[in-house]
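Enquirer: As given, the protein sequences belong to chains A and B, one line each in that order.
288 is the number of the first residue of the first sequence in my numbering; add one for each residue after it.
288 is the number of the first residue of the second sequence in my numbering; add one for each residue after it.
Would you mind keeping the following structure in view while I ask a few things?
2 protein chains.
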Amino acid sequence: MHIQLDGHGPLHAQLTRALKSAMFAGRVHSGERLPPTRLLARELGMSRNTVLAAYEQLRAEGFVDGRVGSGSYVTPPLQISRPATPCEASEPAQSAYARRMRAFHDNARLANAMDVQIRHRFQYGMPLTNPALTNLWARELSRAALYTKPSYPPVQGLPALREAVCDYLARRRGVEAMPEDVLIVAGTQQAIALTTRILLDAGDHVAIEDPQYFATRRVLQIHGATLCAVPVDGDGLVVDALPVRAPRLVCVTPSHQFPSGAVMSLSRRRALLDYAERQGCWVFEDDYDGEFRYDSKPLAALRSLDEARRVIYVGSFSKVLFPALRMGYLIMPPGLRNDFIAAKWAEDFGSPAIEQAALANFIGNGGFERHLRRSTKTLAERRAVLMQGLESCSRGRLDIADSRAGMHVAVWLREKSRAEGDALIAHAQALGLGLHSIAPSYLAPPDRAGLLMGFAAMSPSEIQQGIEVFARCLDHCYA
Amino acid sequence: MHIQLDGHGPLHAQLTRALKSAMFAGRVHSGERLPPTRLLARELGMSRNTVLAAYEQLRAEGFVDGRVGSGSYVTPPLQISRPATPCEASEPAQSAYARRMRAFHDNARLANAMDVQIRHRFQYGMPLTNPALTNLWARELSRAALYTKPSYPPVQGLPALREAVCDYLARRRGVEAMPEDVLIVAGTQQAIALTTRILLDAGDHVAIEDPQYFATRRVLQIHGATLCAVPVDGDGLVVDALPVRAPRLVCVTPSHQFPSGAVMSLSRRRALLDYAERQGCWVFEDDYDGEFRYDSKPLAALRSLDEARRVIYVGSFSKVLFPALRMGYLIMPPGLRNDFIAAKWAEDFGSPAIEQAALANFIGNGGFERHLRRSTKTLAERRAVLMQGLESCSRGRLDIADSRAGMHVAVWLREKSRAEGDALIAHAQALGLGLHSIAPSYLAPPDRAGLLMGFAAMSPSEIQQGIEVFARCLDHCYA
């Protein structure tokens, strides 16, 4: 019997998988007897216990019948259709939405292929790994699982979590909201997706910052919005550059502009809200990493200045806890509350209850803010190492954006074109260092070499090692 | 100091909430000293420890500063805007989608108001409560939390879960799929939502069963689909009644028609697939409770007979585990794979990773199928009690749909109009019994009195008590 192990995980699991493959591939047929465990163990050079464990697993899963001693027989499958023929040919796009997805969306990104040659990567969006959080979260989840109702959770989110979010926002972000204003969502991505559906028809105009967070732009494009890119300077979105013909929606990241790092000034904040009120348009305020600040108090959120009730305020737990959680919240303007809740219902009936309950408890018992303080300290150290490294290798060649918050830094290479920047990135990659161009964050990328350098997922020594390689690449680029 | 407790939960938590309310309402100002614990304890008739616990909590959350002994002072808030004025006036609908939501969607349903007067309710969609599952799941979650990567999970779902789903489907449902065909989604609701976006433009035609699952119908209506209701008989969807002008999509529940209970015959299955192939339309196969069958082997799923690759097969873990989980899977036809994955990305980047890992393990270690066997046994008992009760109180007045699967039964009242059925439901409600009309499950409800009776969430004795009240209501109705 030909058995091909795949080398992943414990031997008995490998053997179980290999035997299943043999069944699926038709190399072992239903009713056939599997080789005696002693024989197979000898043949494969495994201990008999390993083979027994694999057979036991197959039996537990219903793939084989019989008992030790009398032989294991492959059970007849319910009905197995022929194996899927590998057919990668796509149908033509079936809807305007699908057509836009194909036009705007780079499916290769979804495959998320990681180049194993890369030793260090300054990648944005990789989380700070925190073993203490892992243990705390395991405990919270297990407790929440014991006390959470098994029925459908409220569409809007568990009341306990919505209350905890309100307490937290009042204390830390100056946002006063009531639990009935809060919608629990599957992260910022779902927040913008729901917003597009309830506010925008295909073709409607939306103003976005340029540069901007690429995923928000993609969702808007896929929805069919007509985008108007508005420049950003050191004070954030240039409100005077907003179009005279009002868009339906303006998307901003005022607390820490993504990716430039600018903090929107108070006067710009007021000007933007005036514009929104005058024009009757909506403002999507993405407060994606406002918690992580290193030397400044945050300014009041747009939502806290919003007397006309035009602001949709969005916060994410993915950035401050871990992305695998897929949870965030949206503070709804009163006039759109029913639409948002109905749209959430129409998408998924509401977010998973146990993780909501765990999070409510974690916020309520103070664990969440202890975690934030710890993370901010760790991130501040990493940021300091990166900034120091960049300054020491700059020698007048780099413009480092003065970002005092978040998990990344924007770095420009003086007097270098975008193509020269791409060459530097390719060179770094050949040396095992992952660098990322800032160009994809622009609707209209400037012809300058710029990098978006994330530092959350690297230890100080990894950052230092990365910087050493980066310095060599810089020298090569400016040689 | 005026303190108003709300009576929910432990005293110290009530006091904490009451003190926060006082701060938000401006009855206690920033910088002000809270009453000494001894004094407040005496005033409220609480133990001093209770007051200490509340103060400690407020301190942990940053609402007060200071230490025991030197007094607790209310900290200045970051910036508190004026309390939200209660403003329930909705904006006009902002998009065609929002307009359709308002037209089709009953927002009152979302409030999910429960009448506390009702003692027993034969409600569909309430889960079987299973303390053993609760403990197992708490353990799986906590283990998964320790071993799951904190970064963004793959959009399509964790490979381990997709593999486990394939194993399970091959063994139990006769569906052979490869892990690359599987998309992990937030339940059946998200499966239909993604399907509408990638397949349908507003106005496109969709054939649905009549009766049908109301949530699927609503999602289609909200998306703007033009619905064509096709009748159902004892063999499931009447394929010959499908429109001559092909719809883009046909939505069916072949393994256990919702809510009639019919099982689609094999010849109808083949006829439907022929129709789909001939017309080039898609089939959405919702296998929502196919696991719970009491006296029959399931027929092969449409997906397992689908040579033309037109079937989108959907399964839910909400029904077989618990709805609060919000997880399901979709088997994608190869030609739509990239579109489905991109649409999932555009909605939420992928489902939460820890619950996926826990589920993969729960399926892999056999716990899931042990749970299914246990649940099926419990449900079979409950169903038997219900059927017996219905038969004994029928006295020729009831037509009980012969449903040998699932968690509900359709019951028709002979020679009674819909209005008479509604009167019976109102009468039952007055006697503390919750009954549910089958009419909302129809696009074109017949003028007959029919009930949709769920039995999963009631114990046998609760079912018996419910039946006693039901018998009295029947007597009243036929008096």
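A virtual CB, placed ideally from N, CA and C, is assigned to each residue, including glycine.
Tell me B:D593's beta-bridge partners as DSSP assigns them.
Expert: Answer by DSSP bridge pairing: none, since B:D593 is not bridged.
Enquirer: Using a Cβ cut-off of 9 angstroms, which residues of the segment 495–528 of chain B contact any Cβ in chain A, in chain order?
Expert: So the close ones are A502, R505, V506, I509, H510.
Enquirer: Please classify A:P322 as buried or exposed, where buried requires at least 16 neighbouring CB atoms within 10 angstroms.
Expert: The residue is buried, with at least 16 neighbouring Cβ atoms inside 10 Å.
Enquirer: Apply the 10 Å Cβ neighbour rule to B:L428 and answer buried if 16 or more other Cβ atoms are within range, or exposed otherwise.
Expert: Result: buried.
Enquirer: Within 10 angstroms of its Cβ, does A:V531 collect 16 or more other Cβ (buried), or is it exposed?
Expert: Exposed: under 16 other Cβ atoms inside 10 Å.
Enquirer: Checking the sheet assignment: what are the DSSP bridge partners for A:V539?
Expert: DSSP, once it has assigned bridges, lists A:E572 as partnering A:V539.
Enquirer: Three-state secondary structure (DSSP) at B:V403?
Expert: At B:V403, the pLDDT of 44 sits below 50, so the modelled position is not reliable and the matter cannot be decided from this model.
Enquirer: On the three-state DSSP scale, how would you describe A:D762?
Expert: Helix.
Enquirer: Leaving out the 5 sequence neighbours to the left and right, which residues in its chain are closer than 7 angstroms to A:H316 when beta-carbon positions are compared?
Expert: So the list reads V361, once near-sequence residues are dropped.
Enquirer: Would you please verify whether the beta carbon of A:P418 is less than 7 angstroms from any beta carbon of chain B?
Expert: It does not: the Cβ of A:P418 has no partner Cβ on chain B nearer than 7 angstroms.
Enquirer: Please tell me whether A:R684 has its Cβ less than 7 angstroms away from any Cβ of chain B.
Expert: So, not an interface residue.
Enquirer: Give me the Cα-Cα distance between A:A432 and A:E450, rounded to the nearest whole angstrom.
Expert: Near 20 angstroms, if we compare the C-alpha coordinates of A:E450 and A:A432.
Enquirer: Hey, A:L456 and A:Q643: beta-carbon distance below 7 angstroms or not?
Expert: The answer is no: Cβ separation not under 7 angstroms.
Enquirer: Please determine if the segment 374–388 of chain B and the segment 478–493 of chain A are in contact, where contact requires at least 3 C-beta pairs separated by less than 8 angstroms.
Expert: The segment 374–388 of chain B vs the segment 478–493 of chain A: in contact.
Enquirer: Leaving out five residues on either side along the sequence, give the residues of the same chain with a beta carbon under 6 angstroms from the beta carbon of A:L292.
Expert: Closer than 6 angstroms at the Cβ level, and outside the excluded window around A:L292, lie Q301, A305.
Enquirer: Using the Cα positions of A:L514 and B:Q381, report the straight-line distance between them to the nearest angstrom.
Expert: Answer to the nearest angstrom: the Cα atoms are 18 angstroms apart.
Enquirer: Residues of chain B with CB under 8 angstroms from A:M413, in chain order?
Expert: Near A:M413 (Cβ distances below 8 angstroms), the residues of chain B are S438.
Enquirer: State the Cα-Cα distance for the pair B:A480 and B:H492, rounded to the nearest angstrom.
Expert: For B:A480 and B:H492, the distance between alpha carbons rounds to 16 angstroms.
Enquirer: Do we get a CB-CB distance below 7 angstroms when we pair A:G615 with the residues of chain B?
Expert: Not one chain B Cβ lies under 7 angstroms of A:G615.
Enquirer: Output needed in chain order: residues of the segment 647–666 of chain A with a Cβ under 9 angstroms from some Cβ in chain B.
Expert: Cβ contacts with chain B: I650, G651, N652, G653, E656, R657.
Enquirer: Starting from A:P418, follow the beta strand (DSSP E) in both directions and report where the run begins and ends.
Expert: Counting along the chain, A:P418 falls outside any beta strand (DSSP E), though it belongs to the alpha helix (DSSP H) covering 418–434.
Enquirer: Per DSSP, what kind of secondary structure is A:I725 in: helix, strand or coil?
Expert: Of the three classes helix, strand and coil, the one that applies to A:I725 here is coil, per DSSP.
Enquirer: Compare the C-beta of B:Q477 with all C-beta atoms of chain A and state if any pair is closer than 7 angstroms.
Expert: At least one chain A Cβ lies under 7 angstroms of B:Q477.
Enquirer: With respect to the alpha helix (DSSP H) encompassing B:D686, which residues constitute its N-terminal and C-terminal limits?
Expert: No alpha helix (DSSP H) holds B:D686; the beta strand (DSSP E) holding it covers 685–687.
Enquirer: Quick check: is the beta carbon of B:L487 nearer than 7 angstroms to any beta carbon in chain A?
Expert: Yes, B:L487 counts as interfacial toward chain A.
Enquirer: Can you have a look at A:E594 and say buried or exposed, based on whether 16 or more other CB atoms are within 10 angstroms of its CB?
Expert: Exposed is the call here.
Enquirer: Report the rounded CA-to-CA distance for B:G461 versus B:A558, giving the unit in angstroms.
Expert: Taking the straight line joining both Cα atoms gives about 19 angstroms.
Enquirer: Go ahead and label A:P440 buried or exposed: buried means 16 or more other beta carbons lie within 10 angstroms of its beta carbon, across all protein chains shown.
Expert: So A:P440 ends up on the buried side.
Enquirer: Going along chain B, which residues have a C-beta under 9 angstroms from A:N336?
Expert: Those within 9 angstroms of A:N336 in chain B number zero; the least Cβ separation is about 18 angstroms.
Enquirer: Would you please verify whether the beta carbon of A:A736 is less than 7 angstroms from any beta carbon of chain B?
Expert: No - not a single Cβ of chain B is within 7 angstroms of the one on A:A736.
Enquirer: Roughly how many angstroms separate the alpha carbons of B:L739 and B:H543, rounded to a whole number?
Expert: C-alpha separation (whole angstroms): 14 angstroms.
Enquirer: Looking only at its chain, what residues have a beta carbon closer than 8 angstroms to the beta carbon of B:T337, apart from the 5 residues adjacent to it on each side?
Expert: Correct list, in chain order: L298, H299, L302, A328.
Enquirer: So, for B:E463: in the same chain, excluding its five sequence neighbours on each side, which residues have a beta-carbon less than 6 angstroms away from its beta-carbon?
Expert: So the qualifying residues of the chain are A457.
Enquirer: Going by other Cβ atoms of all chains shown within 10 Å of its Cβ, with 16 needed for buried, is A:N625 buried or exposed?
Expert: Answer is buried; the Cβ neighbour count reaches 16.
Enquirer: What number of angstroms, rounded off, separates the C-alpha of A:N648 from the C-alpha of A:L448?
Expert: Taking the straight line joining both Cα atoms gives about 8 angstroms.
Enquirer: Report the neighbours of A:E634 on chain B: residues whose CB is nearer than 8 angstroms to its CB, in chain order.
Expert: A473, Q476, Q477, A480, E634, listed in chain order.
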